[in-house]
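Read in order, the letters of the sequence shown correspond to residues -20 to -1, 1 to 195 in mature numbering (1 follows the signal peptide of the UniProt record, and there is no 0).
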Amino acid sequence: MNHLRLATNVLLACAVAACACTPASPVAVKHLVHDYPAEDVSGLVNVVVEIPAGTNQKWETDKQSGRLVWDTKDGVPRVVAYLPYPGNYGMIPRTLLPKSLGGDGDPLDVLVLGPAVPRGSVVQARVIGVLRMLDSGEQDDKLIAVAPESALGGVKSLEELQRDFPAAAEIVELWFTHYKGPGEMQSQGYAEADEARRILKTAIAAYQDDAATLD
């Protein structure tokens, strides 16, 4: 019996040693801008959540590294000095809207209405419209979407949002108009899902054109 116990202990020790010496397989880290499609075959978009609903820390996706970084101003991490974000705020991968096409040169911004999800999550959402905004005079539109598995999941248009969730659209518009302080943001009102989809298609094509020039 002692010999059997000794042999078992030796085998276990060898197994532990082998595990310790075998290098772990590297885990690939996906590039948040390039490694996810903008949308799936059903028309749902992928959204990289940079700022979860109910939070104020201003994180964004670094286009070079494809990772989330805490945005800074004058070397200080940015925190929005206003009410928390009214939805999950982020960007749509593989999109680009240059200034020549009415954008800001970054991936499309999107606000997903629904329960908060962790920062860095990639979630699917249905685009239902767009809030046309000016940021210090420059176009800065925000696509509005809903989380399919949430209480708002059945909403397919801004008209349905207004009907089923009265004042939700007004809350979002008021928030974006005021969160940067007086006079910084100006709302030009909402446009329906068809216009939002047009902007999305334009941004996907612009991303593809830009990627082709780098190949």
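Ideal Cβ placement from N, Cα and C applies to all residues, glycine included.
Bridge partners - Thr35, DSSP secondary structure assignment: In DSSP, Thr35 forms no bridge with anything.
Ser141: first and last residue of the uninterrupted beta strand (DSSP E) it sits in: Looking at the sequence itself, residue 141 is Leu, so the reference to Ser does not match. No beta strand (DSSP E) holds Leu141; the alpha helix (DSSP H) holding it covers 138 to 144.
Touching by the beta-carbon criterion (3+ pairs, under 8 Å), the segment 36 to 48 and the segment 107 to 114: no
Rounded C-alpha distance that separates Val9 from Thr41: 14 Å
Residues bridged to Glu40 [DSSP beta-bridge criterion]: Val49
Simplified DSSP assignment, three categories, for Ala171: strand
Separation of Asp20 from Leu91, as counted between CA atoms: 18 Å
Local conformation of Ala125 per DSSP, three classes: strand
Extent of the continuous alpha helix (DSSP H) to which Val152 belongs: 148 to 158
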